[in-house]
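Okay, structure first, notes after.
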Amino acid sequence: MLNPLWLKTFITLIETGHFTRTAERLFMTQPGVSQHIKKLEQACGHPLIERNNKSFEITQQGKMLFDYAKESQNRETQLLASLEPDSAYHGNTKLACSGSLALLLYPRLLDLQCKCPKLITHVEAAPNRKIKADILSGMADLGIVTSQTNDKRIFSQTLSEEPLCLMYPAQHSYQGDLTKSDLQQLGLINHPDAEHYLARFFAHSDGPDFVDLRFDQIPITGYVNQLSQILLPVAKGLGFTILPLSALDNFALKEQIAIYQPKQPITETLYLIAKQRPHMPKRFVTVIDEIEQALKRS
């Protein structure tokens, strides 16, 4: 069995990327960190990092061990949490959702924590595919996704409908409907969910020009993976993008953004997912109730 102290040192080293910071975080000496890594490499029979002067790169074997160690760490956390009496207002809950939902929900969950200081919610923004994988691996307790799952290991319930909006610079005024050539002239401000949103928006659009429009037919004029920044290049006239309406609610320069209005609103269904279990922990139910209330108010 691998020494858990060595594994903790290894996890911290990979997460910090620095021997000195690892030593500081674990209240160790730097030679002590090096010794733990050396002993772990000897126990595994493989080099876990490749040293290069003061920096290092993780090896393939190191990546495999890191994933194993993190999963073991999560299982231990879950085990310890399961041993505690089930409480609606005490414990940790890890929520994974889109960036736009994270911006909407996080302030409400902080308000909940102010009322119940021992109920701590960790929020991570992630795409659909990662959220489902994280639920199954235990990296997330609750997830919000936009596609239903048939996986019997996952519990799913419908939350609400979220409007999808094509947003473009307000400085561009268009007479009548937007056309394919308009969008190609503007160019797309790309982001991690852009291709998914684009495909759904065009597939359900009543604009005849959009039905057959594909992601690869539109020039990319920028890429941002921070939700709070995606609309900034749009506001500056550099392109259009597609996002949930809630993303605009949290943007400071709303007056510089125009929204294309299709005859029929285009929405996505939001689903709450969690690992299937005999009884949902009470703290999860408390967080879910807060999420449902927040989505009703938005």
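In the working numbering, the protein residues as written are 2 to 299.
Backbone N, C-alpha and C define an ideal beta-carbon position, used for all residues, glycine too.
So the alpha helix (DSSP H) residue i belongs to, where does it begin and stop?
i: L143; result: Unbroken run through L143 is the beta strand (DSSP E), 143 to 146; no alpha helix (DSSP H).
i: I292; result: 283 to 298
i: N75; result: 61 to 84
i: A126; result: Run containing A126: none in the alpha helix (DSSP H); it sits in the beta strand (DSSP E), 120 to 126.
i: C117; result: Neither: C117 is in no alpha helix (DSSP H) and is coded neither H nor E.
i: N129; result: 129 to 138
i: L184; result: 181 to 187
i: I12; result: 5 to 17
i: P209; result: Taken as a continuous stretch (DSSP letters only), P209 belongs to no alpha helix (DSSP H), as it is neither H nor E.
i: P32; result: 31 to 45
i: L27; result: 20 to 27
Just the Cα atoms here: how many angstroms apart are residue i and residue j?
i: Q227; j: A103; result: 11 Å
i: L249; j: R284; result: 31 Å
i: D210; j: Q265; result: 15 Å
i: P128; j: A134; result: 10 Å
i: R215; j: Q114; result: 43 Å
i: E162; j: G144; result: 16 Å
i: K64; j: M29; result: 23 Å
i: E51; j: Y107; result: 39 Å
i: D142; j: K71; result: 15 Å
i: R22; j: S73; result: 23 Å
i: E77; j: T150; result: 27 Å
i: L80; j: N54; result: 40 Å
i: K297; j: L8; result: 44 Å
i: Q31; j: T17; result: 13 Å
i: Y175; j: L273; result: 38 Å
i: T60; j: M140; result: 23 Å
i: K105; j: N251; result: According to the sequence shown, residue 105 is Leu rather than Lys. So the alpha carbons of these two residues sit roughly 8 Å apart.
i: I292; j: I136; result: 17 Å
i: Q230; j: K39; result: 42 Å
i: Q186; j: Q158; result: 40 Å
i: Y69; j: N75; result: 10 Å
i: E256; j: L184; result: 20 Å
i: Q218; j: H47; result: 47 Å
Give the range of the beta strand (DSSP E) segment to which residue i is assigned.
i: V225; result: Taken as a continuous stretch (DSSP letters only), V225 belongs to no beta strand (DSSP E), as it is neither H nor E.
i: R52; result: 50 to 53
i: E162; result: 155 to 170
i: I258; result: 258 to 261
i: I274; result: 268 to 276
i: N93; result: 92 to 98
i: L1; result: The requested residue 1 is not part of the displayed model; the chain covers only 2 to 299.
Flag this pair as yes or no: are the beta carbons of residue i and residue j separated by less than 8 Å?
i: C166; j: L244; result: yes
i: P234; j: I190; result: yes
i: A253; j: R109; result: no
i: G188; j: P263; result: no
i: G33; j: A24; result: yes
i: L96; j: T122; result: yes
i: V225; j: H192; result: yes
i: V286; j: A82; result: no
i: G223; j: G238; result: no
i: S247; j: S138; result: no
i: T94; j: V212; result: no
i: D112; j: P282; result: no
i: H91; j: K131; result: no
i: S148; j: A126; result: no
i: Y261; j: L179; result: yes
i: M168; j: L84; result: no
Under the assumption that residue i contacts residue j (Cβ atoms under 8 Å), give the Cβ distance between them as a whole number of angstroms.
i: A236; j: P164; result: Actually they do not touch by this definition, with Cβ atoms about 20 Å apart.
i: I12; j: F57; result: About 15 Å separates the two Cβ atoms, so there is no contact after all.
i: T270; j: A195; result: That pair is no contact at about 19 Å.
i: F369; j: L14; result: One cannot answer for residue 369 here, as it falls past the ends of the chain, which runs 2 to 299.
i: Q62; j: L49; result: 6 Å
i: A37; j: L6; result: Contrary to the premise, residue 37 reads as His rather than Ala in this sequence. The Cβ separation is near 7 Å, so the contact holds.
i: F202; j: I258; result: Contact doesn't hold; Cβ gap of about 16 Å is too wide.
Can residue i be considered in contact with the ligand GDP, in the sense that its beta carbon sits closer than 7 Å to one or more heavy atoms?
i: N129; result: No copy of the ligand GDP occurs in the structure displayed, which carries no ligand at all.
ask   = Should the region 154 to 168 be regarded as contacting the region 272 to 279, the criterion being three or more beta carbon pairs within less than 8 Å?
value = yes
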